[in-house]
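Participant:
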Amino acid sequence: MVAFDGVEALDITGPAGVFARANERVAGAYELVLASPDGGLLRTQAGLHLGNATPLSQIEGRLDTVLVAGGDEASLRRAIFDDGVAAWLSEKAPSTRRIGSICTGAFILGAAGLLNGRRATTHWASATLLQTYFAQARVDADAIYVIDGAVCTSAGVTAGLDLALALVADDLGKPIAASIAKDLVLFLHRPGGQAQFSATLAAQARTSDRLSELLAWMTDHPDGDLSVPALASRAAMSERTFARRFTREIGRTPLQFVLELRLDHAKRLLETTAWSLERIAARSGLGSVDTLHRLFRRHLNVTPSAFRDRFASAASKTPD
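Encoded structure:
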């Protein structure tokens, strides 16, 4: 795992925790090494320090996996231009089985030329900038993580846990990864993508307190009355003012936002529960199984049952 001064601590400690638990289940599965440009003590973005990092110059021979952590813009620039991390990656890439990044570590992979022609992701707030800087990459702002051949990238901070679980599943099998996920109280496959989180977060960040509170309430009550009259009343606005203001601030009409919210809720229930389709349709605010089927086919090109078969955990496939 490659770090640098100003690194995001969770980008290191999160995946490291996953690999350490893998070693508890399969002895010697991973030998984890923390490396940095100069080695020694590292200051993290949180003000904490990580010790005993190995200098990159001392990392010799063939490597199995290299994961590069992220940080703020100034730290990334120093790592790329002053500390030579991107150059080190370029040198190591041909003899390394896979190279990946956590969060904004994708910018270092891009600087090393490793994203050219590949799908990649990063923190949703940095995805546009990543695409601008590295035009030959195919940036997917909605993905939690992307594995494209020998290169893997993950979204913001805690998505490093998702990527680490995926790597463990590839290396040691899905049952072991699932047991680690249970140990860490995580989804083996997190429902949805960044979009379901980033859209709401971004909307709340740029709205007034009144609409921000309303968005949070809507997310918690997908089966509630989310019609324009009801929402306008809750926001203490006229229907016309509410619809115009919501569309201007959120970037989507209330109807479009409600549909996305309810589809995301239905996907989450399909992935994490063994509930019947009737119950899921009702709890998601979609009303009927017919509506659930129609919307899944129209927007996801798959049936709800096929979606569950593909993405659900084993526990959710066992009737309650």
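In the working numbering, the protein residues as written are 1184 to 1503.
Even for Gly, the Cβ is constructed at its ideal location relative to N, Cα and C.
With DSSP run on the structure shown, which of helix, strand or coil describes S1309?
Facilitator: Taking the first residue of the sequence shown as position 1, residue 1309 is located at position 126. Looking at S1309 - three-state DSSP - the assignment turns out to be helix.
Participant: Once the 5 residues before and after T1430 are set aside, which same chain residues still bring their CB inside 8 Å of it?
Facilitator: For the purposes of this step, residue 1430 is taken as the residue at position 247 of the sequence shown. Same-chain partners within the cutoff: T1436 and P1437.
Participant: Starting from I1363, follow the beta strand (DSSP E) in both directions and report where the run begins and ends.
Facilitator: For this step, residue 1363 is matched to residue 180 along the sequence shown. From DSSP, I1363 is part of no beta strand (DSSP E) but of the alpha helix (DSSP H) over K1357 to D1366.
Participant: Give a yes or no on whether the C-beta atoms belonging to Y1328 and T1336 are separated by under 8 Å.
Facilitator: In the sequence shown, the residue the question calls residue 1328 occupies position 145. In the sequence shown, the residue the question calls residue 1336 occupies position 153. Yes, the pair counts as a contact, with Cβ atoms nearer than the cut-off.
Participant: Which residues does DSSP pair with L1250 in a beta bridge?
Facilitator: As a working mapping, residue 1250 is identified with position 67 in the sequence shown. BP columns for L1250 point to G1283.
Participant: When burial is assigned at 16 or more other CB atoms within 10 Å of the CB, is G1189 buried or exposed?
Facilitator: Numbered from 1 along the sequence shown, position 6 holds the residue referred to as residue 1189. Label assigned to G1189: buried.
Participant: In chain order, what residues of the same chain lie with their CB nearer than 6 Å to the CB of T1196, ignoring the 5 residues before and after it?
Facilitator: Counting from 1 along the sequence shown, the entry for residue 1196 is found at position 13. Taken in chain order, the list of residues that qualify is empty.
Participant: Name the DSSP bridge partner or partners of H1232?
Facilitator: The residue labelled residue 1232 in the question sits at position 49 within the sequence shown. For H1232, which the question treats as bridged, DSSP gives the partners R1226.
Participant: Go ahead and label K1450 buried or exposed: buried means 16 or more other beta carbons lie within 10 angstroms of its beta carbon, across all protein chains shown.
Facilitator: If you number the sequence shown from 1, residue 1450 lands on position 267. Buried, since its Cβ has 16 or more Cβ neighbours within 10 Å.
Participant: Would A1218 and L1250 be called neighbours here (beta carbons separated by less than 8 Å)?
Facilitator: Position 35 of the sequence shown holds residue 1218. Position 67 of the sequence shown holds residue 1250. No; because the gap between Cβ atoms is not below 8 Å, this pair is not in contact.
Participant: Could you pull the DSSP bridge partners for I1330 from this structure?
Facilitator: Here the question's residue 1330 lines up with position 147 in the sequence shown. Answer is C1335.
Participant: From I1242, A1413 and Q1314, pick the residue whose C-alpha is nearest to that of T1305; which is it?
Facilitator: Indexing the sequence shown from 1 puts residue 1305 at position 122. The shortest C-alpha separation from T1305 is found at Q1314.
Participant: Hey, how far is the Cα of T1237 from the Cα of F1187?
Facilitator: For the purposes of this step, residue 1237 is taken as residue 54 along the sequence shown, with counting starting at 1. For the purposes of this step, residue 1187 is taken as residue 4 along the sequence shown, with counting starting at 1. Roughly 11 Å separates the two Cα atoms.
Participant: Can you look up S1488 in the DSSP assignment and give me helix, strand or coil?
Facilitator: By one-based count along the sequence shown, residue 1488 stands at place 305. Helix, per DSSP.
Participant: Determine, using beta carbons only, whether A1308 and A1326 come nearer to each other than 8 Å.
Facilitator: Within the sequence shown, residue 1308 is the residue found at index 125, counting from 1. Within the sequence shown, residue 1326 is the residue found at index 143, counting from 1. Not in contact: A1308 and A1326 (Cβ atoms no closer than 8 Å).
Participant: With a 10 Å radius around its C-beta and 16 neighbouring C-beta atoms as the bar for buried, classify P1487 as buried or exposed.
Facilitator: Here residue 1487 corresponds to residue number 304 of the sequence shown, with the count starting at 1. Buried: at least 16 other Cβ atoms inside 10 Å.
Participant: For A1413 and T1227, I'd like the C-alpha separation in whole angstroms.
Facilitator: Position 230 of the sequence shown, counted from the first residue, corresponds to residue 1413. Position 44 of the sequence shown, counted from the first residue, corresponds to residue 1227. Roughly 47 Å separates the two Cα atoms.
Participant: What's the gap between the Cα of A1320 and the Cα of G1343?
Facilitator: As a first step, residue 1320 must be located in the sequence shown, where it is residue number 137. As a first step, residue 1343 must be located in the sequence shown, where it is residue number 160. One C-alpha to the other measures close to 20 Å.
Participant: In angstroms, rounded to a whole number, what distance separates the CA positions of N1235 and A1352?
Facilitator: Looking up residue 1235 in the sequence shown gives position 52. Looking up residue 1352 in the sequence shown gives position 169. Between N1235 and A1352, the C-alpha separation is close to 29 Å.
Participant: In chain order, what residues of the same chain lie with their CB nearer than 6 Å to the CB of T1248, ignoring the 5 residues before and after it?
Facilitator: As a position in the sequence shown, residue 1248 is number 65, starting the count at 1. So the list reads R1281, once near-sequence residues are dropped.
Participant: In this structure, does DSSP put T1474 in helix, strand or coil?
Facilitator: In the sequence shown, counting from the first residue as 1, residue 1474 sits at position 291. DSSP places T1474 in helix when its eight states are reduced to three.
Participant: How about L1348 and A1333: do their beta carbons lie closer than 8 Å?
Facilitator: In the sequence shown, the residue the question calls residue 1348 occupies position 165. In the sequence shown, the residue the question calls residue 1333 occupies position 150. No. Outside cutoff.
Participant: If the criterion is Cβ atoms closer than 8 Å, does the pair M1184 and A1252 meet it?
Facilitator: Stepping through the sequence shown from its first residue, residue 1184 is reached at position 1. Stepping through the sequence shown from its first residue, residue 1252 is reached at position 69. Against a cut-off of 8 Å, the Cβ pair of A1252 and M1184 comes out as a contact.
Participant: If you draw a straight line from the alpha carbon of A1418 to that of R1393, how long is it in whole angstroms?
Facilitator: On the sequence shown, residue 1418 is found 235 positions in, with the first residue counted as 1. On the sequence shown, residue 1393 is found 210 positions in, with the first residue counted as 1. Cα-Cα distance, rounded: 6 Å.
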